[in-house]
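Worksheet: the structure to be examined is printed underneath.
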Amino acid sequence: TNPGFVVRITQAGLDYAHQQGIMILEKELAQLKLPDILGDFRVLRVGKVHYELSRLRLRNFHLPYSRISPIPNVGLQVSISNAFAELDGDWRVKLLFLRDHGSFDLKVENIYIKISLRLGSDTTGKPTVSTSDCSTRISKVRVLFSGKLGWLYNLFHSAIESKFRKILESKVCDSIAESVHNDLQTYIQTLPVTARIDARTGIDYSFVAPPYATAQSLDTGLKGEFYSLAHRSTVPFSPLPLSLPSDHDRMVYFGASNYFFNTAGFAYHKAGALVFEITNAMIPKDVDFHLNTSTFSAFIPQLEQMYPNMPMKLRLFTPTAPFLDIGPGGISLRPVVDVQAYAILPNSSLAPLFLLSLVRNVSAVIDVRSGHIVGSLDVGRIKLSLKDSVVGIFQVRMLQSIMNIFASDILLPRLNARLEKGFPLPLPDRIQLSNTLVRFYQNFLLLGADVHFQPQ
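Sequential numbering from 20 applies to the sequence shown in our numbering.
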């Protein structure tokens, strides 16, 4: 299935996400709980020594050098080098009739960690992440004991250091797997797979396939489909293949296809949202005419005879869903709008008068604001034709200027007010976009941005 919407995270975006993740991981590793270590050891000419190391406390855990790389057909790999940690704790020793205790300091240096992350999606189309592989290698452990018998510990420190090394290597990967599951997985699941737009429509942003890693980026195909909340029906057209250009100036790119925008028109049309009514009260005060049969009788003489001096209402609706095109020059559409005119009778019932077909070239300006795709429309001159009339045949060109006013001064501001609110982009919690760009390509719109994460 081709996606209707594509999200690309570039290396710059991965690096930024990685920086945020490393800061969280440092805090997680600094809270590692280490078990007590106890055992027996035989020292030449001294005898059997029983020891206990307890109350092990990590003072810090630093990850100064790390990098993240997309691995094609696998996912992501995080490599950490030259990490180091400092611990302290208490020791207790028993040798023959001697007993003593004290404290110790431990420094762990040259820690190397390699983490492989598998990316996928669950049955609801939400993203998933898990640790597919983790290895930790510690090159250097140094223990310094204090106390009367500290010298005794220093005789067999290499064995103790070896135990520490094995415990830490195991605990680090356990902690990373837990952090990926509890922190990273929980966070990426805040990415909405459905976004409610208003009382009538929503957007389906579910994953159509697992994220795909290339050497330079991470691409994710989303359904990218608007739908009616009241009754979701199958869209009668399919998305075309969508291939983003190799731009890498921004951290993240969004590719919004023709299909994405045209499902919006289809959903709003199906939901009955593309119906507008114009009454006399809506006509701007600076326009010198009224919406009544007396005004229109200047163009339609029969009107005054059949419905003398009665208020009128215009009902505008789309007979079919509007369809737009995206090309290098921008967005263009040529919607067809039917205009049904009514006379409002004294008993408030409506008498149909005539039905016009209105065709107009429309262009759109698109931007990104506060994590939303926003837009505004601009319109050209209207082309009118008469589809039906119960008040006789008349020259529709006489109504051209009136319909231009209705469209430009009444209908267009209402449409632009809705587009100004925008439609949400698929973003996880606490993400802000900046430095945005908008570019047009054949059959899709490319939005680029840098990302800022706001910690809790």
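Backbone N, C-alpha and C define an ideal beta-carbon position, used for all residues, glycine too.
Could you name the residues of the same chain whose beta carbon sits closer than 8 Å to that of residue i, not counting the 5 residues immediately before and after it, in chain order?
| i | result |
| --- | --- |
| L343 | N277, F280, N281, G284, I350, S351, L352 and A383 |
| L77 | L48, A49, Q50, L51, L53, A104, E105 and L106 |
| D305 | none |
| P255 | F285 |
| R433 | F295 |
| L430 | F295, I297 and L335 |
| P146 | L138, G139, S140, I207, Q208, L210, F226, P230 and T239 |
| H37 | S85, R86, I87 and V97 |
Looking at the structure shown, is residue i part of a helix, part of a strand, or coil, going by DSSP?
| i | result |
| --- | --- |
| N201 | helix |
| A218 | coil |
| M270 | coil |
| D141 | coil |
| S194 | helix |
| N277 | helix |
| L310 | coil |
| N423 | helix |
| A249 | coil |
| Y70 | strand |
| V227 | coil |
| F413 | coil |
Identify, in the order they occur along the chain, each residue of the same chain with its Cβ nearer than 7 Å to the Cβ of residue i, setting aside the five sequence neighbours on each side.
| i | result |
| --- | --- |
| Q461 | G346 and P347 |
| G58 | Y70 |
| E323 | T312, S313 and S316 |
| Y35 | M270 and V470 |
| S252 | K289 |
If you measure from the CB of residue i, is any heavy atom of the ligand MG nearer than 6 Å?
| i | result |
| --- | --- |
| T233 | Although the ligand MG was asked about, the structure shown includes no ligands whatsoever. |
CB-CB under 6 Å to residue i, same chain, minus the five flanking residues each way: which ones, in chain order?
| i | result |
| --- | --- |
| T314 | F308 |
| L203 | V148 |
| S404 | S376 |
| L333 | I297, V358 and A360 |
| P258 | N21, G23, S276 and Y278 |
| L237 | I28, P89 and P230 |
Which word fits residue i, buried or exposed, when buried means at least 16 other C-beta atoms lie within 10 angstroms of its C-beta?
| i | result |
| --- | --- |
| P89 | buried |
| P320 | exposed |
| K242 | buried |
| D223 | buried |
| D341 | The residue asked about is misnamed: residue 341 is Pro in this sequence, not Asp. Under this definition P341 is a buried residue. |
| I412 | exposed |
So residue i packs on residue j, CB below 8 Å; how close in whole Å?
| i | j | result |
| --- | --- | --- |
| G240 | F463 | Going by Cβ atoms, the distance from G240 to F463 rounds to 13 Å, so no, they are not a contact pair. |
| S427 | V398 | 7 Å |
| G467 | Y272 | 5 Å |
| V160 | L125 | 7 Å |
| Q30 | H267 | 7 Å |
So, does the CB of residue i fall closer than 7 Å to a CB anywhere in chain C?
| i | result |
| --- | --- |
| I41 | Chain labels in this structure do not include chain C; a single protein chain is all it has. |
Quiz item: With contact counted as at least three CB pairs below 8 Å, one residue from each stretch, are the stretch 257-267 and the stretch 191-198 in contact?
Solution: Too few Cβ pairs lie closer than 8 Å, so no.
Quiz item: Is there contact between the stretch 427-440 and the stretch 382-400, where contact requires at least three CB pairs shorter than 8 Å?
Solution: With a cut-off of 8 Å, the stretch 382-400 and the stretch 427-440 count as touching, because enough Cβ pairs lie within range.
Quiz item: Three or more C-beta pairs closer than 8 Å, one from the stretch 227-234 and one from the stretch 136-148: is that the case here?
Solution: Result yes; three or more Cβ-Cβ pairs closer than 8 Å.
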